Amino acid sequence: MQKKNFSDKNKRNSGSGKNERKESGRKKNHSGGRTHTTKKSGQGNLSKVHKPNPVGNEGIRLNKYIANSGISSRREADTYIESGLVTINNKVVTELGTKVKPGDEVKFNGQRINTERKVYILLNKPKDYVTTLDDPEGRRTVMDLIKGACEERVYPVGRLDRNTTCLLLLTNDGDLTKKLTHPSHNKKKIYHVNIDKDVEPEHLMQIKEGIELDDGFIKADKINYVNNIPDEIGIELHSGRNRIVRRIMEHFGYNIKRLDRVYFAGLTKLNLPRGRWRFLTEKEIIRLKTGMYE
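Quick note on numbering: the sequence shown equals residues 119 to 412 in my numbering.
Right under this line is the structure:
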């Protein structure tokens, strides 16, 4: 098997080059707001946004209202409704299809629900940040990197190792989160991997053809050397299994020195320096929701 270049473009998108540009100027808010002048901050770009009225005069389906709050997906909301966990104006509602009208007070498990605008933040996660909302050990989390980005409470989509650098999406859109993380909707991911020693060509071939791990069969869609460097590879996968890239390499006795997810479901690190974030564009949101990049 010959050593091939994986993708110069993907390497350029890794976010570690010298020619990265800081974003500034005018940005559009694509969560239902207007266009505002973007301001720089220490960690990312902030913009003031207009908060739309969440419920029109005709009302909104209860499961959608709950999903809009970021609590769950619509399907999960249906389960909560049928279980009697949701009330409208202090009355338990179990009928699917019930609509919420302006002025209605909706509670889930006794707590009032306030619908929020949908927020979609793309972060170029550096090392040494935990992909959780908070950490009992007091370690830094990805939430520290987007502090002040929005009033809404957003959540990381998926969990990654503390030392993995990666493209990370954070949102309060429960439906989209489920679509991006559920095993039945595996999304394309590309990783740039630095190994502790040269990777044998036959091992690349085996990974491409497929191997058996403890939790089942796995194979790469594409895998090759990056710029003919034998201890540096690019690997494309659709699997969302836990620590999958590390486990693939450990299967052959390799240890990963650096792991960087440079592509996720159509999103790249282009012009997004390490440790910085930005809001998704309207086109990117539509592509994610429609599954354009599977």
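Cβ coordinates follow ideal geometry from the N, Cα and C atoms, glycine included. As the structure is a computational prediction, the values presented were derived from the model and not from experiment.
Sorting I308, I374, A338 by C-alpha distance to the C-alpha of L322 places A338 at the top. Y381 is positioned such that its CB atom lies no closer than 8 angstroms to that of K297. The C-beta distance from I341 to K326 rounds to 5 angstroms, short enough to fall under 8 angstroms.
Rounded to the nearest whole angstrom, the CA to CA distance from G221 to P301 is 38 angstroms. Looking from the CA of V363, the closest CA among L180, T282, R396 belongs to T282. Going by beta carbons, Y238 and F370 fall outside the 8 angstroms limit. Residues K225 of the same chain have their beta carbon placed closer than 6 angstroms to that of T205, with the five preceding and five following residues left out of the count. Residue burial is scored here from C-beta neighbours: R258 has fewer than 16 other C-beta atoms within 10 angstroms and is therefore classed as exposed. About 6 angstroms separates the CB atoms of H310 and G352; that is less than 8 angstroms, so the two are in contact. Taking each of A195, E330, H356, D316 in turn and checking the Cα distance to V344, the smallest one comes out for D316. Proximity to T299 across I199, R277, D333, K375 peaks at R277, based on C-alpha coordinates.
The continuous alpha helix (DSSP H) containing D262 extends over residues 260-263. Fewer than three beta-carbon pairs drawn from the segment 207-221 and the segment 256-272 are found closer than 8 angstroms, and the two stretches are therefore not classed as touching. In the DSSP assignment, E350 forms a beta bridge with N312.
Nearest neighbour of L285 by Cα position, chosen from A383, I184, N181, turns out to be A383. Approximately 18 angstroms separates the beta-carbon atoms of Y247 and R271; this is outside 8 angstroms, ruling out the contact. The beta carbon of I231 sits closer than 8 angstroms to those of Y183, I184, S187, I189, V224, K225, all from its chain and outside the five residues before and after it, given in chain order. The three-state secondary structure of D293, taken from DSSP, is helix. When the five nearest sequence neighbours on each side are left out, the beta carbons in the same chain lying within less than 6 angstroms of the beta carbon of T295 are those of V275, in order along the chain.
When rounded, the separation of the alpha-carbon atoms in E318 and L331 is 19 angstroms. Counting only the Cα atoms, R361 lies some 22 angstroms from G393. Across the structure, R359 and I313 are spaced so that their CA atoms are roughly 20 angstroms apart.
Taken atom to atom, the span from the alpha-carbon of N208 to that of T233 is near 17 angstroms.
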